[in-house]
Amino acid sequence: MMTDVARLRNSTQILLPGDSLSGLRGDLEERFTVTVRREETQVRIIGSPVEIKSVSDFLARNGIAVA
Numbered sequence: 006m007m008t009d010v011a012r013l014r015n016s017t018q019i020l021l022p023g024d025s026l027s028g029l030r031g032d033l034e035e036r037f038t039v040t041v042r043r044e045e046t047q048v049r050i051i052g053s054p055v056e057i058k059s060v061s062d063f064l065a066r067n068g069i070a071v072a
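Dropping the structure here:
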């Protein structure tokens, strides 16, 4: 069951180093229905699996690697 929870979490959020979205956060929030939360040293992007997949593609096109 833990695997299912981890897979669901991975499909609904992206966790990046805090400065990763420099210059892109506005575009990201404008184009996609996601929540962007700044946490201590990281940024968490939360959304539906479909939005997270699109955000991941968007970030990759802008040179940000998403694990």
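The numbering used here applies: residue 6 is where the sequence shown begins, and numbers increase by one.
Ideal Cβ positions, reconstructed from N, Cα and C, are used throughout, including at glycine.
Worksheet item: Hey, how far is the Cα of glutamate 34 from the Cα of arginine 42?
Response: 11 Å
Discussion item. Comparing C-alpha positions only, which one of Phe63, Ile69, Ile19 sits nearest to threonine 40?
Written reply: Ile19
Discussion item. I need the straight-line Cα distance from glycine 23 to arginine 30, nearest angstrom please.
Written reply: 11 Å
Worksheet item: Taking C-beta to C-beta, are leucine 26 and valine 48 nearer than 7 Å?
Response: yes
Worksheet entry | Whole-angstrom distance between threonine 17 and aspartate 32, CA atom to CA atom | 19 Å
Practice prompt. Please classify glycine 52: is it buried, with 16 or more other beta-carbons within 10 angstroms of its beta-carbon, or exposed?
Written response: buried
Fill in: Straight-line gap, isoleucine 69 to arginine 36 (C-alpha atoms, nearest Å)
17 Å
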